[in-house]
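Under full-length UniProt numbering, the letters of the sequence shown match residues 1 to 395, in that order. Reviewing the structure listed below.
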Amino acid sequence: MLDQIKSLANQYSEEIISNRRHLHMHPELSFHEKKTARFVADYIRQIGLTPQEGIADTGVVVLIEGKNPESKTVALRADMDALPITEANDVPYKSLNEGVMHACGHDVHTSSLLGTAKILHALRDQFEGSVKLVFQPGEEKIPGGASLMIRDGVLQNPAPNGMFGQHVAPNIPVGKVGFREGLYMASTDEIYIKVKGKGGHGAMPEYNIDPVLIAAHLIVSLQQIVSRNAPPKIPCVLSFGKVIANGATNVIPNEVYIEGTFRTMDEVWREKAHKTMVKMAEGIAEAMGGSCEFEIRKGYPFLKNHPELTRRAKNYAIDYLGAENVLDLDIWMAGEDFAFYTQHTDACFYRLGTRNEARGIISSVHTPTFDVDEAALPLGAGLMTWLALNELKTV
């Protein structure tokens with residue numbers, strides 16, 4: 001079966017790459033993936049399968065049944081949305097949608113899973129059980145397409161016994177993959193602060209309540225949440241990436257806007273930190289004569305890979321790629337809405353290497369120059385097939 005899967009992945013590689021390039025040229029933002037969903041559904045029909053459309057509006061699901069289809073089900077997930085980034089790559093498949101780009105590899109995930117669909121369909125008489133393919137919208141935007149897919153029943157009828165998701169890794173050479181058991185990725189919360197003061201002339205600060213100064217104190221003081229309030233054994237990050245004062249050299253504004261992110265890997269500490277941040281910010285602003293509005297938009301939970309499932313998946317990957325091409329990953333403080341699935345079923349989220357230094361393919365995700373070595377595409381399609389079919393055989 002392994003050689004068969006590799007052969008089919010190689011046979012379909014040009015088609016998988018062509019699909020990726022089409023998707024890369026026509027990216028769509030989170031929860032607007034209408035043309036992408038149509039492309040996915042049309043391709044599924046061309047294979048000879050029946051897609052279920054409209055899950056979470058633009059999600060697509062397809063069930064591939066082998067022999068004895070009710071015996072066990074494994075789910076495989078790909079996300080479909082792009083980012084609000086203007087592509088800087090000079091490639092034939094450059095984004096045609098100005099200001100929108102597949103800069104996080106979701107085109108790779110989707111095209112690889114379409115390849116997996118074709119391989120599984122070709123092998124449907126050679127395995128027992130069912131494989132549910134989940135093409136999901138809106139991974140990049142709260143509340144996360146995964147939560148909406150779950151709300152709409154994607155983990156029911158049939159309920160999967162296990163679930164896999166893969167994500168490009170521009171720091172891992174193409175041909176290699178990475179796994180981590182247990183805690184892997186952080187929860188993600190968005191922070192929005194409006195600091196209110198009293199604006200006026202910069203030469204007469206005694207008549208003003210300076211919200212810029214208050215904001216500066218807040219940004220510095222809130223780092224105590226990480227350095228002095230967080231338990232040292234719990235990973236925790238607080239970063240502010242946007243500050244808008246909108247005054248002038250001689251104008252103190254009335255308000256300052258601050259935006260940031262808070263990430264951690266413990267739900268009890270997460271809730272406590274939220275309350276501590278709000279209390280600290282309001283207290284500092286009041287003590288300096290102003291006030292603040294502090295909004296926390298709760299995002300994705302932390303991602304915890306099921307230990308036994310991930311251990312098995314790593315061993316399957318070693319069989320498929322060789323031990324030298326299967327790496328152990330460290331924790332990563334980025335967020336991922338696949339975490340929602342891990343709260344409902346045994347799940348494993350792993351990384352697919354896409355880096356090729358010799359060809360200059362080294363840019364990180366979420367950058368205008370991100371790209372992948374497309375040799376990762378048939379590898380990703382074949383490996384997902386191999387993981388699913390092996391997991392169907394476990395008791």
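All residues carry an ideal CB built from backbone N, CA and C; glycine is no exception.
From the beta carbon of residue 171, is the nearest beta carbon of chain B less than 8 Å away?
Looking for chain B here will not work: only one protein chain is present.
Would you list the one or two residues that DSSP bridges to residue 340?
Paired residue(s): none; residue 340 is not in a bridge.
Taking the CB atoms as reference points, tell me whether residue 357 and residue 300 lie closer together than 8 Å.
Taking 8 Å as the Cβ cut-off, residue 357 and residue 300 do not qualify as a contacting pair.
Taking the continuous beta strand (DSSP E) assigned at residue 295, which residues delimit it?
Residues 291 to 298.
Which partner residues does residue 332 have in the DSSP bridge list?
Residue 332 is bridged to 185.
Could you give the DSSP three-state label for residue 12: helix, strand or coil?
In this structure, residue 12 counts as coil in the three-state DSSP scheme.
Based on DSSP bridge pairs, tell me the residues matched to residue 236.
Answer by DSSP bridge pairing, in chain order: 264.
Residue 339 and residue 302 look like a contact to me (Cβ under 8 Å); what is the Cβ gap, rounded to whole Å?
Going by Cβ atoms, the distance from residue 339 to residue 302 rounds to 6 Å, so yes, they are a contact pair.
List the residues that DSSP assigns as beta-bridge partners of residue 350.
The partner list for residue 350 (beta bridge, DSSP) reads 166.
Residues in its own chain within less than 6 Å of residue 310 by CB, not counting five upstream and five downstream?
So the qualifying residues of the chain are 179, 181 and 348.
Which word fits residue 366, buried or exposed, when buried means at least 16 other C-beta atoms lie within 10 angstroms of its C-beta?
So residue 366 counts as exposed.
Under a three-way DSSP split, which group does residue 79 fall into?
Strand.
Cutting at 6 Å between CB atoms, please list the residues of its own chain near residue 131, excluding the five before and the five after it.
Within the same chain, residue 131 has close Cβ partners 64, 74, 120 and 388.
Measure the alpha-carbon distance for residue 330 versus residue 280 and round it to whole angstroms.
Going by the C-alpha atoms only, they are around 32 Å apart.
Taking DSSP as the reference, what is the three-state secondary structure of residue 141?
Coil at residue 141, not helix or strand.
Using DSSP with H/G/I as helix, E/B as strand and the rest coil, what is residue 397?
Nothing about residue 397 can be read from this structure; the chain reaches only from 1 to 395.
By DSSP's criteria, residue 209 is part of a beta bridge. Which residues make up the other side?
According to DSSP, which records beta bridges pairwise, residue 209 is partnered with 198.
Tell me where the alpha helix (DSSP H) around residue 315 begins and ends.
Run containing residue 315: 307 to 321, per the alpha helix (DSSP H) assignment.
Hey, how far is the Cα of residue 186 from the Cα of residue 333?
Going from the Cα of residue 186 to the Cα of residue 333 covers about 5 Å.
Would you tell me roughly how many angstroms separate the C-alpha atoms of residue 298 and residue 67, rounded to the nearest one?
Distance between the alpha carbons of residue 298 and residue 67 is about 43 Å.
Return the chain-ordered list of same chain residues with a C-beta closer than 6 Å to the C-beta of residue 24, the five sequence neighbours on each side being excluded.
These residues qualify, in order along the chain: 93, 102 and 107.
Could you spell out the range, first to last residue, of the beta strand (DSSP E) harbouring residue 59?
Segment 59 to 65, the beta strand (DSSP E) holding residue 59.
Ignore the nearest five residues each way along the sequence and tell me which others in residue 256's own chain have a CB closer than 6 Å to its CB.
Excluding positions up to five away in sequence, the list reads 195, 211, 212, 215 and 245.
Report all residues from its chain with a CB closer than 6 Å to the CB of residue 52; omit the five preceding and five following residues, and keep chain order.
61.
Pull the bridge partners of residue 130 from the DSSP assignment, please.
Looking at the DSSP assignment, residue 130 forms a beta bridge with 65 and 73.
For a test of the three-state rule: what should DSSP assign to residue 272, helix, strand or coil?
Of the three classes helix, strand and coil, the one that applies to residue 272 here is helix, per DSSP.
DSSP state of residue 284, grouped into three classes?
Helix.
Measuring alpha carbon to alpha carbon, tell me which of 110, 29, 98 and 77 ends up nearest residue 20.
The shortest C-alpha separation from residue 20 is found at 110.
Let me know if residue 231 comes out buried or exposed under the rule of 16 or more other beta-carbons within 10 Å of its beta-carbon.
By the neighbour-count rule (16 or more Cβ atoms within 10 Å), residue 231 is not buried but exposed.
Please list, in chain order, all residues of the same chain as residue 293 whose beta carbon is under 6 Å from its beta carbon, the five residues on each side excluded.
Once the five neighbours on either side are set aside, the close Cβ partners of residue 293 are 194.
On the criterion of 16 or more Cβ atoms from any shown chain inside 10 Å, does residue 71 qualify as buried, or is it exposed?
Flag for residue 71 reads exposed.
Taking residue 115 as part of the alpha helix (DSSP H), name the residues at either end of that continuous run.
Its alpha helix (DSSP H) spans residues 106 to 122.
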